[in-house]
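This report refers to the structure that appears directly beneath it.
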Amino acid sequence: MSIEPTLSRARWAQDEETLKKLRETVFVQEQQVPAEIEWDGRDRDAVHVIARDGEQAIACGRLLADGKIGRMAVLPGWRGRGVGAAILAALVDEARQRGLRRVYLHAQTQAEGFYAAEGFSAEGVRFEEAGIPHVAMAREIDFLDCPVPVAPVYQPEPFATLFLSLARSARRQLAILSPSLDPSLFEPPGVTEALTALCRQTREAEVRILVADGRALTARGSGLLALARRLPSKLFLRELPEHPQWPGDSCVLRDRDGLLALPADPLSGGTYHPDDRPRVAQELDRFDTLWRHGQETAELRALHI
Numbered sequence: 028m029s030i031e032p033t034l035s036r037a038r039w040a041q042d043e044e045t046l047k048k049l050r051e052t053v054f055v056q057e058q059q060v061p062a063e064i065e066w067d068g069r070d071r072d073a074v075h076v077i078a079r080d081g082e083q084a085i086a087c088g089r090l091l092a093d094g095k096i097g098r099m100a101v102l103p104g105w106r107g108r109g110v111g112a113a114i115l116a117a118l119v120d121e122a123r124q125r126g127l128r129r130v131y132l133h134a135q136t137q138a139e140g141f142y143a144a145e146g147f148s149a150e151g152v153r154f155e156e157a158g159i160p161h162v163a164m165a166r167e168i169d170f171l172d173c174p175v176p177v178a179p180v181y182q183p184e185p186f187a188t189l190f191l192s193l194a195r196s197a198r199r200q201l202a203i204l205s206p207s208l209d210p211s212l213f214e215p216p217g218v219t220e221a222l223t224a225l226c227r228q229t230r231e232a233e234v235r236i237l238v239a240d241g242r243a244l245t246a247r248g249s250g251l252l253a254l255a256r257r258l259p260s261k262l263f264l265r266e267l268p269e270h271p272q273w274p275g276d277s278c279v280l281r282d283r284d285g286l287l288a289l290p291a292d293p294l295s296g297g298t299y300h301p302d303d304r305p306r307v308a309q310e311l312d313r314f315d316t317l318w319r320h321g322q323e324t325a326e327l328r329a330l331h332i
């Protein structure tokens, strides 16, 4: 029967002794992994998760910056009771919050079935590591309907999927601020259906889109602009070439709690907040100010004819 362990993030500087004790018990003593291999110098910069039963530490694992999961150690008496799966899920969530699209690991071959059941797939041939047969495994991270904050958010993914998540979960309103409404960011598969459903589900529903250059947008063509032709009383488009409160960033605001933001600098990562009312309230105030200064130009009006 599985248990519900208490999970917490650990800091190497504070929890080094606890983590070392767990891993020495499982790897160095039980599996005879050489200490010089176990202590590889990467722990200080890694994210660690510990599972506890009351005050007793019973399992741990770590995540490296490049998405590698490892050092999954569960004390013998707790194996087969859901502890390892809970640690693994927590590490995948940590990777998701860091905007990583993929995690990978080197699984001992005897644990390949466990990782396969958790969505990991084997890659390449088997090999030996510390004298133990291993297989490389990896898993893509799903950002659709993501329930946790994510930073940094890269483009085009997972930005596009997170935008779709906000569109799918909106109850009444969606506000979109984007200089160019880049289709690689704002037209993922399924977004037209999501926005159509939003506009039709309640009388108060509306979608507002503010862009910097309506002429370029209509010349290029856009699925969202085409959707405005079909939903002219629900989906509104305005143009605002420049404004001191708009430095060229993009953002999506869902109702009064969801936010997806992308700075003007393409090399900077964005942020995603599925439930942050104070931050959304601040951004909505800015959007409303920009919206009042925006105009429905001739190019955008033509979409409603």
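Residue 28 is where the sequence shown starts when you use the numbering used here, and the numbers rise one by one after that. Note that the Cβ used here is the ideal one computed from N, Cα and C, for glycine as well.
Buried versus exposed, by CB contacts within 10 Å (16 or more), residue i
i: I64; result: exposed
i: L171; result: exposed
i: L213; result: Correcting the residue type first, residue 213 is Phe in the shown sequence and not Leu. With 16 or more Cβ atoms within 10 Å of its Cβ, F213 is classed as buried.
i: P333; result: This structure cannot settle anything about residue 333, because the visible part of the chain is limited to 28 through 332.
i: L46; result: buried
i: V238; result: buried
i: A117; result: buried
i: F314; result: buried
i: A255; result: buried
i: E121; result: buried
i: R89; result: buried
i: S192; result: buried
i: P271; result: exposed
Whole-number beta carbon distance between residue j and residue i, since they are thought to touch under 8 Å
i: V60; j: A157; result: 5 Å
i: F147; j: M164; result: 4 Å
i: T219; j: G250; result: 6 Å
Among the options, nearest to residue i - alpha-carbon criterion
i: T229; options: S249, R281, T245 and R198; result: R198
i: G321; options: W273, D292 and P215; result: W273
i: A194; options: V152, R166, E233 and D67; result: E233
i: G248; options: D209, C226 and D42; result: D209
i: F186; options: L251, L286, A134 and E57; result: L286
i: S35; options: A78, A246 and E167; result: A78
i: R69; options: V53, L91, A84 and L49; result: L91
Same chain, Cβ closer than 7 Å to residue i, five either side skipped, listed in chain order
i: G296; result: G126, A178, P179, V180 and Y181
i: E145; result: A112 and L115
i: D282; result: A197, R198, R199 and Q200
i: S29; result: Its pLDDT being 47, under 50, S29 is placed unreliably in this model, and the value from its coordinates should be taken loosely. R108 and G109.
6 Å Cβ shell around residue i - same chain, five flanking residues per side excluded
i: T324; result: G241 and E266
i: V101; result: A86, V110 and G111
Same chain, Cβ closer than 8 Å to residue i, five either side skipped, listed in chain order
i: S207; result: V238, A239, D240, A243 and L244
i: Q124; result: V175, P176, V177 and A178
**Request:** Please specify which runs of the beta strand (DSSP E), each continuous and at least 3 residues long, are wholly inside the segment 78 to 112, giving them in chain order.
**Result:** 83 to 90 and 95 to 101
**Request:** Could you pull out every unbroken beta strand (DSSP E) segment of at least 3 residues lying fully inside the segment 192 to 251, listed in chain order?
**Result:** 200 to 204 and 233 to 238
**Item:** alpha helix (DSSP H) segments (min. 4 residues) lying fully within the segment 249 to 311
**Value:** 250 to 257
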